[in-house]
Each structure stands twice: as structure tokens, then as C-alpha cells.
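In what follows, a structure is listed as C-alpha cells, so that the remarks can point back to it.
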Amino acid sequence: MTENLITTPFGAQTTAAEVLDGIDLSGRRAVVTGGASGIGRETARALAAAGAEVTIGVRDPAAGAQAAEEITPASGPGTVCAAMLDLADQTSVHAFVEAWQRPLHILVLNAGVMASPLERTREGWEMQFATNHLGHFALATGLHSALAAAQGARVVSVSSVGHVNGDVLFDDINFQRHTYEPWAAYSQSKTANVLFAVEAARRWASDLIAVNALNPGRITGTRLGRHIGDISNSPASFEATSTDVSWKDIEQGAATSVLLAASSLVEGVTGRYFEDCNEAGPHRPGVRRGVAAHAMDRQSAARLWQTSLDMLATAAPTA
Numbered sequence: 001m002t003e004n005l006i007t008t009p010f011g012a013q014t015t016a017a018e019v020l021d022g023i024d025l026s027g028r029r030a031v032v033t034g035g036a037s038g039i040g041r042e043t044a045r046a047l048a049a050a051g052a053e054v055t056i057g058v059r060d061p062a063a064g065a066q067a068a069e070e071i072t073p074a075s076g077p078g079t080v081c082a083a084m085l086d087l088a089d090q091t092s093v094h095a096f097v098e099a100w101q102r103p104l105h106i107l108v109l110n111a112g113v114m115a116s117p118l119e120r121t122r123e124g125w126e127m128q129f130a131t132n133h134l135g136h137f138a139l140a141t142g143l144h145s146a147l148a149a150a151q152g153a154r155v156v157s158v159s160s161v162g163h164v165n166g167d168v169l170f171d172d173i174n175f176q177r178h179t180y181e182p183w184a185a186y187s188q189s190k191t192a193n194v195l196f197a198v199e200a201a202r203r204w205a206s207d208l209i210a211v212n213a214l215n216p217g218r219i220t221g222t223r224l225g226r227h228i229g230d231i232s233n234s235p236a237s238f239e240a241t242s243t244d245v246s247w248k249d250i251e252q253g254a255a256t257s258v259l260l261a262a263s264s265l266v267e268g269v270t271g272r273y274f275e276d277c278n279e280a281g282p283h284r285p286g287v288r289r290g291v292a293a294h295a296m297d298r299q300s301a302a303r304l305w306q307t308s309l310d311m312l313a314t315a316a317p318t319a
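The opening residue of the sequence shown carries number 1 in the numbering used here; numbering runs sequentially from there.
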């Protein structure tokens with residue numbers, strides 16, 4: 001963890017539009033997963049408003065097409081289109097990658113599921129890990145050549161403060177022996193999002209690809225918490241009275257994502273973890289802020305990369 005944390009003039013209440021004010025993304029192409037709703041939608045909207053050509057990856061093509069139409073700027077060079085992408089289906093991820101033939105400047109790995117009941121993919125993978133990490137890992141590595149071709153691409157991995165609750169269960173990632181616990185599964189998937197950024201930053205530095213992770217804050221008005229149900233079933237920090245997290249609306253929740261995706265303030269920065277538009281310090285016990293040491297561990301990051309490759313090797317796409 002660096003001692004000289006990166007700071008910006010922005011903070012928890014800054015909106016995505018404010019971060020990108022005055023920035024021209026004309027001629028740049030971006031992909032945002034989960035871009036039909038929530039902070040993914042706002043991330044896509046803000047990037048397009050700055051002039052980018054944005055593709056949102058969606059599971060529901062109809063909803064995606066409607067969202068794309070609604071957030072495409074009325075004037076200017078920015079555009080938004082939707083493409084089918086189900087991160088829990090490796091065939092879908094493979095098809096998206098194969099269809100992408102151009103340099104890619106910005107990749108925002110935003111989509112996710114939180115604290116869901118036990119569900120498995122056809123490979124037998126636990127759904128939260130499969131969606132939040134493996135799907136994004138396959139997408140990013142599959143698009144590596146397109147990112148490298150952009151000569152200065154940025155990859156943004158949307159994690160969560162929930163990563164502080166647990167490391168990756170390398171001995172039982174899919175909860176085949178451990179009793180399934182939704183929050184434990186969520187935590188390991190969010191830790192994986194940070195570890196991915198750490199290892200990708202190391203591997204892809206020579207390709208001029210910057211990779212960073214972030215905690216967007218606790219966002220109101222999204223569907224991410226649909227599995228929580230009664231708030232009493234969730235961690236205390238999910239209560240609106242908690243002072244341990246930054247509660248935000250959707251426009252504020254997308255700010256750190258677009259900062260890492262497009263701001264000159266973080267040019268050349270890679271392998272870091274941000275929150276509230278600034279680099280986060282180390283996590284302190286009892287406070288749900290900062291980045292946990294286990295999420296920045298380079299050995300774990302390298303191990304997760306190889307584990308992910310091994311898991312994907314057992315899931316050859318079908319026609």
C-alpha cells in the first residue's frame with residue numbers, strides 16, 4: 001500500500017457529471033457492464049455526455065435498448081448502444097468478445113449481484129463469484145488485445161466496502177464444502193474484484209493499460225440490494241444512520257468510476273483502490289472504509305489469476 005495516497009478536488013458528494021466537466025472523450029470507445037440501470041447507467045450516460053461512444057453490456061436486450069435511447073445525448077458526438085452480455089454465461093461473454101473488433105479505450109466492470117440465495121451456473125460455479133468476478137475476468141482478458149490497441153486504455157473494477165469482510169476462499173470458492181452464506185460469497189467476489197486490478201495492473205503495464213478498483217459507496221435507488229429484503233438481515237453499516245460509509249445517490253455513486261475511467265487527474269495511475277474520488281487508505285478494524293490488506297496481496301492476486309484461468313478452461317464456449 002503506497003504511503004502517498006492520490007487525492008483529487010472531488011469527494012463523496014461529487015457527481016459523475018462534475019468529475020467529467022470540461023473533459024472531451026470524442027473518438028473514445030467505452031464498454032460499461034450493467035449499464036441499463038443504477039450507477040452503470042449513470043456511468044454510461046456521463047461518458048457519452050463527454051463525447052464517448054459507449055456500449056452497455058446487458059442481460060435484457062429490450063431494457064438495454066430502451067436505456068441506451070434514453071441516455072444517448074440529444075446532441076454532440078457521444079452515443080450509447082446496447083449489446084447482449086450475460087456475465088454468468090461464458091458463451092455470452094465469448095460472443096461479446098468475438099464481436100468486438102475495434103480498439104477499446106475504457107472498460108468499466110460494473111455489473112454485479114449482492115447477497116443472493118445460493119444459485120449455481122451450469123458449470124457448478126457459485127453465482128456471485130461467477131458473475132461479479134469470473135464473468136468480468138473473462139471479459140477483460142478476452143478484450144485485452146482491444147485494450148492494448150488503444151494505447152492508453154483504462155479498466156475500472158467496481159468492488160465494494162464489503163470486500164473487507166472476507167478473503168477469497170481458495171479451498172472452496174464454490175461453497176461445495178462450506179455452508180453457503182450470502183454475505184461471505186459476496187465478500188469474496190468483491191475481494192476478487194480488487195485482486196483482479198492488482199494483478200492486471202502488473203501484467204498489463206507494458207501494454208499501457210491502467211487497471212484500478214473502487215468502492216462506489218452505499219448507493220440509494222438501485223436494484224443491487226434486491227436480495228437483502230428486511231434491512232435487519234443486512235450488516236449494520238447498511239442502515240442510513242451509519243457513519244462508516246458514504247451514502248450517495250446514483251449520480252454521486254458513479255463519480256469514482258468515471259474519475260478512474262477518464263479523468264486526467266489519475267493519468268498513469270494503476271493497481272490502486274479508490275473511494276469517494278480519492279485513493280483509499282488501509283482498512284482499520286471497526287470502520288467500514290479503506291482497503292483490506294488481503295485485497296491488495298500480490299501473491300493472492302497472482303493465485304486468483306491462475307485459479308480463474310483454470311476455472312474458465314473447464315468452460316469452453318458452446319456454439
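For each residue, glycine too, the CB sits at the ideal point set by N, CA and C.
None of the values given here were measured: they were computed from a predicted structure.
Output yes or no for whether 7 Å exceeds the beta carbon distance between residue i and residue j.
i: Ala30; j: His163; result: no
i: Leu85; j: Ala50; result: no
i: Arg218; j: Val258; result: no
i: Ala65; j: Ala46; result: no
i: Ile39; j: Pro216; result: yes
i: Leu143; j: Leu104; result: yes
i: Ala192; j: Leu304; result: yes
i: Val108; j: Gln128; result: no
i: Tyr186; j: Leu118; result: no
i: Ala7; j: Asn278; result: Checking the displayed sequence, the identity of residue 7 turns out to be Thr instead of Ala. Against a cut-off of 7 Å, the Cβ pair of Asn278 and Thr7 comes out as a contact.
i: Ala254; j: Thr43; result: yes
i: Val291; j: Ala280; result: yes
i: Ala83; j: Ala68; result: no
i: Gln188; j: Leu214; result: no
i: Gly34; j: Asn110; result: yes
i: Val158; j: Arg288; result: no
i: Val93; j: Ala138; result: yes
i: Ala12; j: Asp276; result: yes
i: Thr78; j: Ala48; result: Note that residue 78 is Gly in the sequence shown here, rather than Thr. Taking 7 Å as the Cβ cut-off, Gly78 and Ala48 qualify as a contacting pair.
What three-state label does DSSP hand residue i in the structure shown?
i: Glu267; result: coil
i: Glu42; result: helix
i: Ile231; result: Annotation note: pLDDT 39 at Ile231 (below 50); position unreliable, coordinate value reported separately. DSSP places Ile231 in helix when its eight states are reduced to three.
i: Tyr180; result: coil
i: Val291; result: strand
i: Ile219; result: strand
i: Ala4; result: Per the sequence shown, residue 4 should be read as Asn rather than Ala. Note: Asn4 maps to coil in three-state DSSP.
i: Ser242; result: Any reading at Ser242 is ruled out, since the residue's pLDDT is 46, under 50, leaving its predicted position unreliable.
i: Asp320; result: Only positions 1 to 319 of the chain appear in the structure, and residue 320 is not among them; the question remains open.
i: Thr307; result: helix
i: Leu143; result: coil
i: Phe196; result: helix
i: Arg284; result: coil
i: Gln13; result: coil
i: Thr314; result: coil
i: Ala319; result: With a pLDDT of 49 at Ala319, under the threshold of 50, the predicted position of this residue should be treated as unreliable, and no value is reported.
i: Leu169; result: coil
i: Ala50; result: coil
i: Ala201; result: helix
Checking the sheet assignment: what are the DSSP bridge partners for residue i?
i: Thr33; result: Gly57
i: Val155; result: Leu107, Val211
i: Asn278; result: Glu275
i: Lys248; result: Ile219
Straight-line CA distance for residue i to residue j?
i: Ala115; j: Ser37; result: 18 Å
i: Gln306; j: Ala74; result: 45 Å
i: Ala133; j: Lys190; result: First, the amino acid is wrong: residue 133 is His here, not Ala. Going from the Cα of His133 to the Cα of Lys190 covers about 8 Å.
i: Val32; j: Asn212; result: 15 Å
i: Ser145; j: Ala130; result: 23 Å
i: Thr270; j: Leu5; result: 12 Å
i: Leu25; j: Gln176; result: 46 Å
i: Val155; j: Arg203; result: 13 Å
i: Ala331; j: Ala52; result: Coverage of the chain is limited to positions 1 through 319, which leaves residue 331 absent and any answer about it impossible.
i: Thr241; j: Val194; result: Low local confidence applies: a pLDDT of 46 at Thr241 is under 50, so the model's placement there is unreliable, and no value is given.
i: Thr256; j: Ile106; result: 14 Å
i: Leu265; j: Ala148; result: 21 Å
i: Gln151; j: Phe10; result: 27 Å
i: Gly166; j: Val54; result: 34 Å
i: Thr315; j: Gly22; result: This sequence places Ala at residue 315; Thr is not what is there. The alpha-carbon atoms of Ala315 and Gly22 are separated by roughly 44 Å.
i: Trp183; j: Phe196; result: 20 Å
i: His178; j: Leu309; result: 23 Å
i: Gly124; j: Gln90; result: 12 Å
i: Gly286; j: Ala293; result: 15 Å
i: Arg298; j: His283; result: 17 Å
i: Glu126; j: Arg120; result: 5 Å
i: Asp207; j: Pro61; result: 33 Å
i: Glu251; j: Arg122; result: 36 Å
i: Gly76; j: Ala262; result: 18 Å
i: Ala200; j: Gly268; result: 14 Å
i: Gln101; j: Ala63; result: 24 Å
i: Val80; j: Arg59; result: 16 Å
Threshold first: 3 residues or longer. Then list the beta strand (DSSP E) segments lying entirely within the stretch 52-140, N to C.
Whole beta strand (DSSP E) segments, 3+ residues: 53-58, 79-84, 106-109.
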